[in-house]
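Worksheet: one structure, shown below.
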Amino acid sequence: MTAHLQLSDVSVSFNGFVAVNALNLAVGKGELRCLIGPNGAGKTTALDLICGKIKPTAGSITLRNTELTALEEHQIARAGVGRKFQVPSVFKELTVRENLQVAYSKRTGVFANVMRSCRGEETDGLDMLAQLVGLENALDKPAAYLSHGQTQWLEIGMLVAQDTELILMDEPTAGMTAQETLKTADLFNRLKGKHTLLVVEHDMGFVKAIGDVISVMHQGRLLAEGTAAEVERNEEVRRAYLGSGGITGA
Amino acid sequence: MTAPLVLPAPAHRTRQAAGRTRTQVLLYAFVCLAVFVIPLLIDSDFLLNKIARYIVLGMLAMSLALSWGYAGILNLGQAMSFGLGSYAMAMALKLKTVPVHTGPEGLPDFMVWNNVPSLPWFWEPFHSLGFAIAAGIIVPVCAAAALGWFMFRGRVTGVYVAIITLAAMVVVNLVIIDQQRFTGGFNGITDLAQLKLFDITFDAYGRSTYYLVACCLTASLFLALAVTKTKAGLIIQAIRDHENRVRYFGYDVAAYKIFAFSLSAAIAGLAGMLYTVVMEFASPTFLGVPLSLSVVVWCAVGGRQSLVGAFLGAVLVAGMQGALSESKTFLETWTLVMGGLFVIVVLFLPKGLAGIAELLSVRIARLRQRRNATVAEPKPTEVGP
Amino acid sequence: MDDALQQFITGLSIASILLLVALGLSIIYGAMGIINLAHGEFVMLGAYAAWALQTQLQIGLFASLIPIFLLVALFGWLIEHFVLRFLYARPLDTILATWGIGVMLQQAVRLLAGGELRYVQMPVDLSHSIDIAGVPVSVYRLFLFAAALALFALTWFLMNRTTFGVKLRAVIQDRSISSAFGINPGQVYGITFAYGAGLAGLAGALVSPLKSVSPEMGTGYVVDAFMVVVLGGVQSLVGTVASAFVLGELSGVIAFLQNDTIAKALVFLAIIVLIRFRPEGLFTARVRA
């Protein structure tokens, strides 16, 4: 199987600080890959590079053999990359429904969208989606009034609405209760197969519940790759986590 | 949507959003209706002309609300589009007058005074009124699109947009003043013919002009409202809220901003053309800094996030200023009070008068709800602590 | 040769006025990120204060400099305390609020002192000219040049060599963290704004003998000062000096060669292009590659 998402020798540095150093990563189609690593390992930067928030200084990133590094953010999104941010990023002044409508972006052109009313065929789908993420009673609430956990859910719901081939998740369960985390794991397991997912997570319990293959980053490089058990046994990984309370406590 | 995720549709579907739109449409229709009724209550042509003027300025403020309130683009040079529109109309109407010195088909008077040998090429097409009307909208739109492209493709945002738009307007203003031979310079273009369209003559002090203004207001108000209700309008508001997030959903942020900026310029251009008809001249002050900043004040006072609020804010403030302009002391004190009022609005009422109205309507709705609730199930009387 | 020297000295004189006026704006804009559209009105207040002290109380220009600085600084502190403080999260609204304040100040002065032009007497000791390499130079203009450099040196010292400067830079870097370390950000901002306003007032007083004083005089200054700051780069005092010098010399030449209106239009075009392509200014290194 050729990789769906392929990072080859990707590097980026800020003011001489090398945040990501010749990173190689391949994720197969429909796979759910977890990306872990101690603080400052460059995990979020790696996601930033894929979605175009940061341009790499060297290397290539391809999705389905489409080179992404030359594209702008919105073109990368159109090419099939969706991103959930570490700090949940939703439109606070818009209602939950409007947030989901914006995220439903099959057509992105200005003139296509001037001709379309907001109440259309997709509304039913959005209602179901709201129910899926537990926000069906908050549809007309501005997103600013949601709790932290609800905001996380909203952004996840927005990514489902966006319906991209590749979904990047940056710490999706931060600030969620154990029960909510369980629900998220369930959702992710349903998303995989149809979507390719790359999930940055600290919660090893969650990682074990969803991930088949885990990639470990350290100091901007790929340190190890394998199942949870393999990774936990790996000497180098243990050394990288030394002093930060071990892999489960990071 | 993803197949495994399909769930039964929820039985309860909120209709709140649709309800809000209906209220809005009713409110807008009511305001437009009021504008049409005014001439029936007033028989002073002079006063009617003044009111027409305030309505045109209201249109200008409404156009700014579209770009500032909805798209978050604070255009301090909104009067640029307005002025370009007013000059387009003035050029056409100037060519329709019979010059005193040179007779029919002769050069406009100020060109004669400035020793211009023949009509400059860019004045030629303005012999056609249709061309002038098209230009009054297309020229501001193109200028805005070009400036928007220059700024938004380069990801210029916030405060810098405000400064660039202001500076761009000042440049155009200075060029118009400098090129006196072709533009009339400081004096602007005066002594205009009356606009004649489809066999109707629009005398600045006649009812026909007032109704023309009222029709254009209604059309542009509803056009703008309709656009805000489309998906594009929603995306524009999302951009105002969190510009960078929108990119990651695949929308070209710059394109949407240019669209909002240009649409706003089109309405401002239309308002500019009407202003020339109502005022019977065009002047560099129509694209001057004082007017442009006043538009921002009107918008802020009326409510930058409400099209009709901005319109009413302009009518109210400009009208008040007009009423006080009889006396110099009154006017100067008013400017002082206005400055203070503006600071207070910016500080405490970022949504302006429209924000107060919204707050009140929410309160009233809640009160009514509570009253209904108490009627339905009377609360048990509380007994002691 | 004499013409060139004359031209150079004229440019230097313009540059020193630009620097005087821009210094306060540079502090406020660079440190607090506030585009203070009332800055020109602070300059105007300083000029009017000089005029009032001279005509009403017969106090000479030199003696009135410190009271004027304190007066306008107090004014700035009040504005920061009662208006701007609430707007730090809304930068666009700060522009609007400072503009509204500017309108009020202009109008208040017009009502109190009248709209007509006022003139301030130059100190007698400095009202003659001296000869530099065959070119007559006004001593007062030399004094302005020295004053501009002295105020720049003082400001640089305050920002870079005092505890207050360290605190200010800490607050600029991270407001919440510095407050966690016991710095009162509100107080730091208040003092900074007051200092910037005081500098503007001082600039107004110092240039008042060379220009006519009117309620509208500030409008031109705010544009000039803004141009200097944008060109020099935000948060760079040295850049401000460099750009004041460049612009002073340039405007000397432009005024010599071109008609005034077009020269002004070119300045605005330059602002537009500069903001679009180098918002960090010409005299600062790019921070991020």
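Residue numbers (this note's numbering), protein chains in the order written: chain C, 530 to 779; chain F, 6 to 390; chain V, 26 to 314. C-beta: ideal position from N, C-alpha, C; glycine also.
For residue i, which three-state DSSP category applies?
{"i": "A231/F", "result": "helix"}
{"i": "I142/F", "result": "helix"}
{"i": "G755/C", "result": "strand"}
{"i": "N550/C", "result": "strand"}
{"i": "R562/C", "result": "strand"}
{"i": "L183/V", "result": "helix"}
{"i": "L202/F", "result": "strand"}
{"i": "V616/C", "result": "coil"}
{"i": "V743/C", "result": "According to the sequence provided, residue 743/C is Ile. The question's Val does not apply to it. Strand."}
{"i": "V266/V", "result": "helix"}
{"i": "L695/C", "result": "strand"}
{"i": "T340/F", "result": "helix"}
{"i": "Q535/C", "result": "strand"}
{"i": "V728/C", "result": "strand"}
{"i": "P385/F", "result": "Unreliable placement is indicated for P385/F, whose pLDDT of 46 sits below 50; no coordinate value is reported for it."}
{"i": "I297/V", "result": "helix"}
{"i": "E684/C", "result": "helix"}
{"i": "V103/F", "result": "coil"}
{"i": "A359/F", "result": "helix"}
{"i": "K333/F", "result": "helix"}
{"i": "R750/C", "result": "strand"}
{"i": "T624/C", "result": "strand"}
{"i": "S154/V", "result": "strand"}
Between residue i and residue j, how many whole angstroms is the CB-CB distance? I'm expecting something under 8 Å.
{"i": "G226/V", "j": "L70/V", "result": "6 Å"}
{"i": "V128/V", "j": "T338/F", "result": "Contact flag wrong, Cβ pair sits at about 13 Å."}
{"i": "A84/F", "j": "L292/F", "result": "5 Å"}
{"i": "T725/C", "j": "V541/C", "result": "Incorrect: roughly 22 Å between the Cβ atoms, too far for contact."}
{"i": "M64/F", "j": "L222/F", "result": "6 Å"}
{"i": "G678/C", "j": "L664/C", "result": "With 8 Å as the limit, G678/C and L664/C do not qualify as a contact, their Cβ atoms being about 11 Å apart."}
{"i": "I52/V", "j": "G221/V", "result": "4 Å"}
{"i": "V320/F", "j": "I60/F", "result": "7 Å"}
{"i": "A173/F", "j": "G82/F", "result": "6 Å"}
{"i": "G193/F", "j": "F87/F", "result": "Rounded, the Cβ-Cβ distance is 13 Å, inconsistent with contact."}
{"i": "I743/C", "j": "G755/C", "result": "7 Å"}
Which residue's Cα is closest to the Cα of residue i: the options?
{"i": "M343/F", "options": "W303/F, L228/F, V251/F, A139/F", "result": "W303/F"}
{"i": "L48/V", "options": "A290/V, G264/V, I296/V, L275/V", "result": "G264/V"}
{"i": "S163/V", "options": "I296/V, Q31/V, P92/V", "result": "Q31/V"}
{"i": "Q630/C", "options": "L655/C, K613/C, M705/C, E601/C", "result": "L655/C"}
{"i": "F155/F", "options": "E285/F, F353/F, A260/F", "result": "A260/F"}
{"i": "L578/C", "options": "E560/C, E602/C, N568/C", "result": "E602/C"}
{"i": "F189/V", "options": "L176/V, R200/V, F177/V, Q212/V", "result": "Q212/V"}
{"i": "F131/F", "options": "R373/F, A95/F, A57/F, K236/F", "result": "A95/F"}
{"i": "V271/F", "options": "V144/F, K201/F, S133/F", "result": "Note on identity: in this sequence residue 271/F is Ala, with Val being the wrong assignment. Minimum Cα distance to A271/F is reached at V144/F."}
{"i": "G611/C", "options": "F254/F, A150/F, G159/F", "result": "F254/F"}
{"i": "V350/F", "options": "G125/V, T286/V, A40/V, F87/V", "result": "G125/V"}
{"i": "V266/V", "options": "A173/V, A114/V, R186/V, I34/V", "result": "A173/V"}
{"i": "L167/V", "options": "A29/V, I34/V, R303/V", "result": "I34/V"}
{"i": "L688/C", "options": "N666/C, K558/C, L675/C, K613/C", "result": "K613/C"}
{"i": "I43/F", "options": "R186/F, A57/F, R375/F", "result": "A57/F"}
{"i": "V97/V", "options": "A133/V, R115/V, A230/V", "result": "A230/V"}
Can you say whether residue i is buried or exposed, counting buried as having 16 or more other CB atoms within 10 angstroms of its CB?
{"i": "R245/F", "result": "buried"}
{"i": "S237/V", "result": "exposed"}
{"i": "V175/F", "result": "buried"}
{"i": "I263/F", "result": "buried"}
{"i": "T80/V", "result": "exposed"}
{"i": "L89/F", "result": "buried"}
{"i": "S225/F", "result": "buried"}
{"i": "P617/C", "result": "buried"}
{"i": "E141/V", "result": "exposed"}
For a test of your reading of the model: does the CB of residue i fall under 6 Å from any non-hydrogen atom of the ligand ZN? Yes or no.
{"i": "L664/C", "result": "By its list of ligands, the structure shown contains no ligand whatsoever, and the ligand ZN lies outside what it can speak to."}
Checklist entry - Which runs of the beta strand (DSSP E), 3 residues or longer, sit entirely within the stretch 156-221 of chain V? => result Correct list: 160-163.
Checklist entry - Which parts of the stretch 48-73 of chain F are runs of the alpha helix (DSSP H), unbroken and 4 residues or longer, counting only runs that do not cross its ends? => result Within the stretch 48-73 of chain F, the runs of alpha helix (DSSP H) that reach at least 4 residues and sit entirely inside it are, in chain order, 50-70.
Item to check | Continuous alpha helix (DSSP H) assignments of at least 4 residues falling wholly in the stretch 113-163 of chain F | outcome: Within the stretch 113-163 of chain F, the runs of alpha helix (DSSP H) at least 4 residues long that lie entirely inside it are, in chain order, 114-118, 134-157.
Checklist entry - Could you give the uninterrupted runs of the alpha helix (DSSP H) lying entirely in the stretch 565-605 of chain C, keeping only those of 4 residues or more? => result If we require 4 residues or more, the alpha helix (DSSP H) runs fully inside the stretch 565-605 of chain C come out as 572-580.
Next on the checklist: Which runs of the beta strand (DSSP E) at least 3 residues long sit entirely within the stretch 54-108 of chain V? Give them in chain order.
Outcome noted: If only uninterrupted beta strand (DSSP E) runs of at least 3 residues are considered, none is enclosed by the stretch 54-108 of chain V.
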